[in-house]
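Undergrad: The numbers in the numbering used here rise by one with no breaks, and the one at position 155 of the sequence shown is 173.
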Amino acid sequence: MTLLQTSPVRSRIAIAPDADPARVFAPIFARIAEGAAARDRDRSLPTTEIRALADAGFGALRVPRAEGGFGVSLTELFALLADLAAADSNIEQALRGHFAFIEDRLVSPDAASRALWIDRALRGDLVGNAWTEIGSSVRGELGTRLRTDAGGTRLSGEKFYTTGSLYADWIDVLAHSEELDTQVIAAVSVHQAGVDITDDWDGFGQRTTASGGTVFTEAVVDPADVIDFSERFGYQLAFYQVFHLAALAGVARAAATEAGTQLAARSRTYSHGNADRAVEDAQLLQVVGEAAAQGFALDAITERAAKALEAAEAATLARNALRADSAATPEQRQSAETVLAEAIGAAELAAFSGQVAAIPGALRATSIIFDALGASAIRAGGALDRHWRNARTLASHNPWVYRARLLGRFVATGERDDASWAVGVAAS
């Protein structure tokens with residue numbers, strides 16, 4: 019699919035200064051939830067639903083109120099994302115790249131770039147993601163290249179797992195700059211002939227995230243939209259993982275709610291059950307209650323991890339302020355760097371701890387609900403199994419076993435391994 023070569027012209031979204039985002043988006047979440055099972059069953063992409071969120075200002079949740087956005091904290095953001103995931107976890111994940119990119123720009127000391135992306139977010143622009151290269155790519159190396167010559171700056175390469183890019187206006191692309199000989203982020207407009215996004219994601223879960231491939235062929239890039247990767251916001255690794263924690267929390271919560279609704283509606287019971295009505299059977303109620311408790315626990319885990327992110331955000335802004343302060347001493351600046359490093363490390367440990375604890379809980383919640391229901395619950399038409407498939411797919415991102423090892427090392431020795439990572443074939 020070759021996309022349009024002209025960008026849509028959108029006006030700024032009018033967000034009331036006292037707007038409550040929970041109230042603004044609750045009706046949209048409800049409409050999203052109504053069609054979630056059918057979209058999963060038919061693999062129908064939620065293009066309309068995502069655009070409805072963007073047009074209502076969802077992509078500007080983190081933009082400060084003084085600058086026209088909703089001004090939510092990170093804790094509030096992830097609570098809203100868990101609510102969205104309870105409605106449809108595919109849509110929550112499809113927006114992961116957008117919120118990470120906007121977060122990076124919000125804490126950037128580059129005032130011009132920050133203002134540009136705040137304006138784009140307030141106009142309803144969305145950002146997708148394209149970092150991963152599959153196949154025989156060597157770990158830590160990038161085949162996607164950014165080059166600049168007399169004809170301008172252009173990007174070429176192939177990516178996969180480009181989650182959300184099919185719904186986006188821009189793609190956050192990790193590339194190697196031939197001019198700078200370093201890794202950079204290039205924000206590439208999808209509205210040009212040089213960007214070809216293919217809907218070829220065939221995972222058994224998170225089926226409508228549009229996590230397939232994107233090919234860039236001499237795609238035009240504005241030099242103002244090229245960012246040195248070394249300047250990327252330091253708490254991004256934890257941020258990305260907390261996004262998945264919010265998704266898992268929403269999935270577990272939705273599974274319990276749907277199981278409870280189906281249990282209440284059941285008229286058939288077993289002769290050796292505990293009541294003539296399924297909704298009065300204590301054993302079945304126990305199962306639904308346990309699933310609901312897992313959702314509660316995952317919400318709490320997500321909140322705890324999000325608060326650690328807030329500390330890293332505050333440390334980032336404090337460090338940036340000292341860098342810009344000509345009166346700051348070298349000792350003050352070094353102290354700020356140390357505080358920031360500690361805050362980032364704490365955020366990563368919180369996110370990893372949450373990941374290791376949350377995954378078994380989400381998988382259990384989405385599996386045991388079938389124990390409270392009859393054989394009709396496994397029929398494909400209801401798509402109740404989508405909750406387990408979605409949880410399992412989310413759990414397969416960023417293997418938790420390695421995170422558990424990093425945690426164990428820290429607990430046993432107080433030492434932190436380098437948490438940054440790359441995936442690919444080992445260099446020969």
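Ideal Cβ positions, reconstructed from N, Cα and C, are used throughout, including at glycine.
(1) Rounded to a whole number of angstroms, what is the C-alpha to C-alpha distance between residue 231 and residue 359?
(2) Going by DSSP in three states, residue 305 sits in which element: helix, strand or coil?
(3) For residue 217, tell me which candidate among 446, 184 and 391 has the shortest Cα-Cα distance.
(4) Restricting to Cα atoms, I'd like to know which of 241, 71 and 118 is closest to residue 170.
(5) Do you know how far the Cα of residue 384 is from the Cα of residue 405?
(6) Could you give the C-beta distance for residue 77 and residue 33, rounded to a whole number, given that I count them as a contact under 8 Å?
(7) Compare the C-alpha of residue 193 against each of 135, 379, 164 and 289 and name the closest.
(8) Where in the stretch 345–399 do unbroken runs of the alpha helix (DSSP H), each at least 4 residues long, occur, reported from the N-terminal end onward?
(9) Taking C-alpha atoms, which residue in 59, 49 and 343 lies nearest to residue 402?
(10) Go ahead and pull the three-state DSSP assignment for residue 413.
(11) Span of the alpha helix (DSSP H) holding residue 276?
(12) With a CB to CB cut of under 8 Å and the five nearest residues on each side skipped, what residues in its chain are close to residue 35?
(13) Distance check for residue 273 and residue 414, CA to CA, integer angstroms please.
(14) Identify, in the order they occur along the chain, each residue of the same chain with its Cβ nearer than 8 Å to the Cβ of residue 305, setting aside the five sequence neighbours on each side.
(15) Sorted by chain position, which residues of the same chain lie with C-beta nearer than 8 Å to residue 444's C-beta, five sequence neighbours on each side aside?
(16) Look at the Cβ atom of residue 373, then the Cβ atom of residue 322, and state whether they are nearer than 8 Å.
(17) Whole angstroms is fine: what's the gap from residue 234's alpha carbon to residue 213's?
(18) What separation, rounded to the nearest whole angstrom, lies between the Cα atoms of residue 149 and residue 180?
(19) Using DSSP with H/G/I as helix, E/B as strand and the rest coil, what is residue 128?
(20) Could you say if the stretch 92–110 and the stretch 215–229 meet the contact criterion of at least three C-beta pairs nearer than 8 Å?
(21) Could you check whether residue 260 and residue 330 sit closer than 8 Å to each other, using their CB atoms as the reference points?
(22) Compare the beta carbon distance of residue 88 and residue 39 with 8 Å and say whether it is the shorter of the two.
(23) Just to check my reading of the structure: residue 175 and residue 147 have Cβ atoms closer than 8 Å, yes? What is that Cβ distance to the nearest angstrom?
(24) Kindly list the residues whose CB is nearer than 8 Å to the CB of residue 98, restricted to its own chain and excluding five residues on each side of it in sequence; keep chain order.
(25) For residue 26, which of helix, strand or coil comes out of DSSP?
(26) Buried or exposed: which applies to residue 436, given that a residue is buried once 16 or more other Cβ atoms fall within 10 Å of its Cβ?
(27) Taking DSSP as the reference, what is the three-state secondary structure of residue 320?
(28) Using C-beta distances below 7 Å, list every residue in its chain close to residue 236, excluding the 5 sequence neighbours before and after it, in chain order.
(29) Assign residue 251 to one of two classes, buried (16 or more other C-beta atoms within 10 Å of its C-beta) or exposed (fewer than that).
(30) What would DSSP say about residue 224, mapped onto helix, strand or coil?
(31) Which residue wins for smallest C-alpha separation from residue 205, given the options 220, 258, 159 and 135?
(32) Per the DSSP calculation, residue 246 is bridged to which residue(s)?
(33) My output table needs one value for residue 335: the three-state DSSP class, helix, strand or coil.
(34) When the Cα of residue 393 is compared with those of 287, 368, 424 and 439, which residue comes out closest?
(35) Using CA atoms only, rank isn't needed, just tell me which of 103, 140 and 105 is closest to residue 120.
(36) Look at the alpha carbon of residue 361 and the alpha carbon of residue 326, and state the distance between them as a whole number of angstroms.
TA: The short version:
(1) 34 Å
(2) helix
(3) 184
(4) 241
(5) 6 Å
(6) With a Cβ gap of about 11 Å, residue 77 and residue 33 do not count as contacting.
(7) 164
(8) 348–386
(9) 59
(10) helix
(11) 254–283
(12) 83
(13) 19 Å
(14) 277, 386, 387, 389 and 390
(15) 156 and 157
(16) no
(17) 5 Å
(18) 7 Å
(19) coil
(20) yes
(21) no
(22) yes
(23) Wrong, their Cβ atoms sit about 14 Å apart, outside the cutoff.
(24) 39, 40, 43, 79 and 90
(25) coil
(26) exposed
(27) helix
(28) 172, 174 and 212
(29) buried
(30) coil
(31) 135
(32) 202
(33) helix
(34) 287
(35) 140
(36) 7 Å
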